[in-house]
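Numbering (the numbering used here), first residue to last: 136 to 410. Beta carbons: idealized from backbone N, C-alpha and C, even for Gly. Please read the structure below before turning to the comments.
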Amino acid sequence: MIEVTGVRFKKAGKIYYFDPDKYTLTLDDYVIVETARGIEYGEVVIANRMVDIDDVVLPLKKVIRVADEKDHENVLKNGEMATDAMSVCINKINSHQLEMNLVDVEYTFDRNKVIFYFTAEGRIDFRELVKDLAARFKTRIELRQIGVRDEAKMLGGIGPCGRMLCCSTFLGDFEPVSIKMAKDQNLSLNPSKISGLCGRLMCCLKYENDTYEDAKRNLPDVGERVVTQEGAGRVIGLNILEKIIRIELEENSHIAEFSFDEIIEEDAVILSIPE
Numbered sequence: 136m137i138e139v140t141g142v143r144f145k146k147a148g149k150i151y152y153f154d155p156d157k158y159t160l161t162l163d164d165y166v167i168v169e170t171a172r173g174i175e176y177g178e179v180v181i182a183n184r185m186v187d188i189d190d191v192v193l194p195l196k197k198v199i200r201v202a203d204e205k206d207h208e209n210v211l212k213n214g215e216m217a218t219d220a221m222s223v224c225i226n227k228i229n230s231h232q233l234e235m236n237l238v239d240v241e242y243t244f245d246r247n248k249v250i251f252y253f254t255a256e257g258r259i260d261f262r263e264l265v266k267d268l269a270a271r272f273k274t275r276i277e278l279r280q281i282g283v284r285d286e287a288k289m290l291g292g293i294g295p296c297g298r299m300l301c302c303s304t305f306l307g308d309f310e311p312v313s314i315k316m317a318k319d320q321n322l323s324l325n326p327s328k329i330s331g332l333c334g335r336l337m338c339c340l341k342y343e344n345d346t347y348e349d350a351k352r353n354l355p356d357v358g359e360r361v362v363t364q365e366g367a368g369r370v371i372g373l374n375i376l377e378k379i380i381r382i383e384l385e386e387n388s389h390i391a392e393f394s395f396d397e398i399i400e401e402d403a404v405i406l407s408i409p410e
């Protein structure tokens, strides 16, 4: 076992483990840590705890210190500088006539680097743009092309459900989402119905999928032949969450619904008590 603390650098961002060293950290504390990008300011979202050593990637970097008011003021100043940098970069993009959309600008905590996040249809030759920005800001410049899902996460918005986007409020990582998940959940395959603001399949299809798979595990498949007390028939539909099975009876083509709670399964033959 090893003691760790979890730190997040952005709202709904990925959680990274650090060695708390001599500090006893609690939720909502702010710390200064060393990352691959340099010295960073982050929020403690997992207090000191022991985890299995196989669950972390060693060696863990140590927490440098607990952040103070001066560090907080530095972060606010970085935000103001990033806003100014965004205006400058947009003007430079227009002057170079580059087909790219600037999404966000971020200063690292120590101001050793300015990161410009953008979207574009293809590859962009931004070498001259980088030269102009480096001459203007006198620091390291990084232009990072992101996808539409990352863009939605940064900008936020309201999803088709009427709530704030999951990715911008609590979803730390993006996971692959497939059209099969929409089929398994009996959703309309109309792209406008199952796509988020980013134009990709909605993330909620993924983290709700396990619930549907668990609920469906004991139910018969659509097309499967079953036997009920009203006679033999085939499954033509499932209400997975309510566990209601729609069956077309072979004898008279009558369609009946049966609750799974009223079904007894014996040797792959389903016996049901009608409502």
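Burial state of Tyr342 is exposed, judged by a 10 Å Cβ sphere holding fewer than 16 other Cβ atoms. Under the Cβ criterion (8 Å, minimum of three pairs), the region 297–309 counts as touching the region 336–354. DSSP places Glu277 inside the beta strand (DSSP E), whose first and last residues are Arg275 to Gln280. Looking at the backbone, the Cα of Val142 and that of Glu377 are separated by about 39 Å.
The three-state secondary structure of Leu268, taken from DSSP, is helix.
Excluding sequence positions up to five before and after Phe272, its CB lies within less than 7 Å of the CB of Ala220 and Val249, all in the same chain and listed in chain order. Pairing Phe395 with Ile371 gives a Cβ-Cβ distance that is not under 8 Å. By the Cβ criterion, the region 358–373 is in contact with the region 383–395, since at least three pairs of Cβ atoms, one from each stretch, lie closer than 8 Å. Taking the Cα positions, Thr274 is about 34 Å away from Leu332. Shown here for Thr254: same chain residues with a beta carbon closer than 8 Å to its own, the five before and five after excluded, namely Met235, Asn236, Val238, Gln280, Ile281, Gly282, Val283 and Glu286 in chain order. Burial is judged here by how many other beta carbons sit within 10 angstroms of a residue's own beta carbon; Met316 has at least 16 and is buried. Here Ile199 is not bridged, per DSSP, to any residue. Contact fails between the region 177–194 and the region 221–231, because fewer than three Cβ pairs, one in each stretch, are under 8 Å apart.
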